[in-house]
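Peer 1:
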Amino acid sequence: MSWAPGQGISELPEGTGYRIAKDDWMIVQVHYNLTEEALAGTEDKTKFHVRWADSVEREGHFFLPDDLLSSLATPDPIELAPGEPSVKFSFDFEPGNFLKYLGAESGQLLGVLPHMHQYGRKQRVELVEGDAGPQCVADVQRWDFNWQLYYFYEQPIR
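To convert, take the position in the sequence shown, counting from 1, and add 18; that gives the working numbering.
This is the structure in structure tokens:
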């Protein structure tokens, strides 16, 4: 699970939870706005709450397929052309590889978390299976930084 400032409470769909073992770590990363003069000298009062359950109907997994972000940890990171009014970037992701990693035959897409900081303007995610045409699973046409929220589908996508 992830969380971004301004996101509010993150609630997974009913009956869904993440497995957390006794020795697992929970890491909270906080981005501070050090350029806002009004915040100088203020104290961090961050709190977070976790709802625990002995079991859930469906185990959830969070993953962030992002070739642009992942490239930053390589010797040859992807660079977008600077100063352009618009730069298109796209990549392919094979969910089957993630399912194999989990040891699963199939899975369900429960939702998406569009996340572009203040850099992106549009985001479209399409699911392509076999010979079928692309199925749009997320389409943000005018990004707003305050929309960094989880968007769960009424019906999960297999």
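For every residue, glycine included, the Cβ atom is placed at its ideal position computed from N, Cα and C.
None of these values were measured; they are calculated from a predicted model.
(1) Could you check whether leucine 127 and glutamine 25 sit closer than 8 Å to each other, using their CB atoms as the reference points?
(2) Residues in its own chain within less than 7 Å of phenylalanine 170 by CB, not counting five upstream and five downstream?
(3) Please report the distance separating the alpha-carbon of leucine 86 from that of proline 174.
(4) Starting from the N-terminal side, write out each stretch of the alpha helix (DSSP H) that is 4 residues or longer and does not extend beyond the stretch 19–98.
(5) To the nearest angstrom, report how far apart methionine 44 and threonine 53 are at their CA atoms.
(6) Considering only residues of the same chain and omitting the five flanking positions on each side of cysteine 140, which have a CB-CB separation below 8 Å?
(7) Give me the DSSP bridge partner(s) of aspartate 157.
(8) Could you tell me which residues DSSP puts in a beta bridge with tyrosine 169?
(9) Please report the straight-line C-alpha distance between asparagine 115 and phenylalanine 81, rounded to a whole angstrom.
(10) Secondary structure at proline 174, three-state DSSP: helix, strand or coil?
(11) What does a CB cutoff of less than 6 Å around isoleucine 96 pick up in its chain, not counting 5 residues either side in sequence?
(12) Would you mind reading off the limits of the alpha helix (DSSP H) that contains lysine 106?
(13) Among residues of its own chain, excluding the 5 on either side of glutamate 144, which ones have a beta-carbon nearer than 8 Å to its beta-carbon?
Peer 2: On the basis of the supplied data:
(1) no
(2) Pro31, Leu128, Gly129
(3) 26 Å
(4) 85–89
(5) 28 Å
(6) The sequence shown places lysine at residue 140, not cysteine. The residues are Val158, Gln159, Arg160, Trp161.
(7) Arg142
(8) Val130
(9) 12 Å
(10) strand
(11) Leu86, Ser89
(12) Unbroken run through lysine 106: none, as it is neither H nor E.
(13) Pro152, Gln153, Cys154, Val155
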